[in-house]
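**Student:**
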Amino acid sequence: MHIAVYSQNEQGKGHFGSGEIVENKPIGFPHEHSAVKRVGPLFYWAWAKSLATFEIPLHPHSGFEIISYVLTGTVGHRDTLGNLQQVSTGGAQVMQTGSGVYHAEELAAGTEMFQIWFEPHLARAVKEAPTYNQYDHEQFPVEEAGGVRIKRVVGPQAPIRLVTDAEMVDIDIAAGQSWSHSLPDGYALAAVVVSGRGTARPQRQADGGPSSNASLETGDFAVVTTDGTESVEFHADPGESLRLVAIRVPAEVEYPLYRK
């Protein structure tokens with residue numbers, strides 16, 4: 518197992534307007550100088566923070582499956598499909614942009630959100646009609662056990678299903694507790710630390726194997742890969758909980774990916 522951790526200084530940066538919205542990008546667009554260019558079909562990941570209410574005006578998308586996941590605050594959405602909606606803390610907006618759609622998004626002051634792009638087979642995706650769907654926090658299933666709270670956002674046990682092979686969870690780990698995830702052969706796990714401090718390590722180490730802890734803190738981006746099915750364990754430091762948003766995707770896909 519290989520665990521790589523990238524600090525905010527190794528991630529891309531962006532902004533809108535005169536800095537009303539600022540972004541940290543664990544995975545940036547081409548030429549945005551993020552250390553990680555992509556993780557399989559996970560094409561783009563930005564953490565946007567709104568310092569003042571600001572609308573990003575109408576702009577086009579096609580092909581990609583785009584999720585806006587609200588960490589706190591309110592995000593407004595309008596598009597050329599006729600949608601005019603808002604989603605608040607814990608909710609998500611999903612655009613499967615297909616043959617093309619224009620949309621605008623407004624972030625209220627103090628809002629923080631992830632915008633995440635997943636890449637399906639683009640030559641096929643652009644032949645499909647674009648769609649928009651919205652989900653409130655209460656629509657996502659939540660499991661709690663052993664000091665760990667798991668909110669399932671994308672995947673077979675979640676309300677959001679994508680064409681791209683992907684699963685996404687929002688994890689809260691109580692201080693001093695751990696969450697383990699079995700990573701199948703050929704898959705990668707990408708995780709952003711939303712808050713807290715902790716470590717990531719192979720499960721075999723927790724069971725007495727050789728030590729290879731990777732330290733984590735707020736804003737870090739961790740990418741976990743394996744050569745075979747193996748479990749990774751995330752552990753919250755004593756006295757401080759750890760919140761992660763984690764996405765599992767295949768490390769490689771059988772269709773061509775956009776060159777970055």
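Numbering-wise, the numbering used here comes out as the position in the sequence shown, counting from 1, plus 517. Quick reminder that beta carbons are idealized off the backbone N, C-alpha and C, glycines included.
Measuring only the C-alpha atoms, how far is residue 472 from residue 667?
**Tutor:** With the chain covering 518 to 777 only, the question about residue 472 has no answer from this structure.
**Student:** Using the rule of at least 16 other Cβ atoms within 10 Å of the residue's Cβ for burial, across every protein chain shown, is residue 660 buried or exposed?
**Tutor:** Exposed, by the Cβ-count rule.
**Student:** Quick check: what's the CA-CA separation for residue 756 versus residue 631?
**Tutor:** If you take the alpha carbons of residue 756 and residue 631, they lie about 27 Å apart.
**Student:** Residue 644: buried (16+ other C-beta within 10 angstroms of its C-beta) or exposed?
**Tutor:** Its Cβ having fewer than 16 others within 10 Å, residue 644 is exposed.
**Student:** Out of 573, 719 and 586, which has the shortest C-alpha to C-alpha gap to residue 520?
**Tutor:** Residue 719 is the option with its Cα nearest to residue 520.
**Student:** Can you give me the start and stop residues for the alpha helix (DSSP H) that residue 501 sits inside?
**Tutor:** This structure cannot speak to residue 501, because the chain is shown only from 518 to 777.
**Student:** For the structure I just gave you, are there three or more beta carbon pairs, one from the segment 733-749 and one from the segment 687-707, closer than 8 Å?
**Tutor:** Judged by Cβ distances under 8 Å, the segment 733-749 makes contact with the segment 687-707, as three or more pairs qualify.
**Student:** Is the number of C-beta pairs between the segment 548-563 and the segment 590-606 that are closer than 8 Å three or more?
**Tutor:** No contact exists between the segment 548-563 and the segment 590-606.
**Student:** What ranges does the beta strand (DSSP E) occupy inside the segment 647-698, keeping only unbroken runs of at least 3 residues that lie completely in it?
**Tutor:** Segments of the beta strand (DSSP E) lying fully in the segment 647-698: 648-652, 659-662, 665-671 and 684-690.
**Student:** Exposed or buried, which one is residue 567 when buried takes at least 16 other CB atoms within 10 Å?
**Tutor:** Answer is buried; the Cβ neighbour count reaches 16.
**Student:** Distance cutoff 8 Å, beta carbons only. Does residue 620 sit that close to anything in chain D?
**Tutor:** In the structure shown, chain D does not exist; there is a single protein chain.
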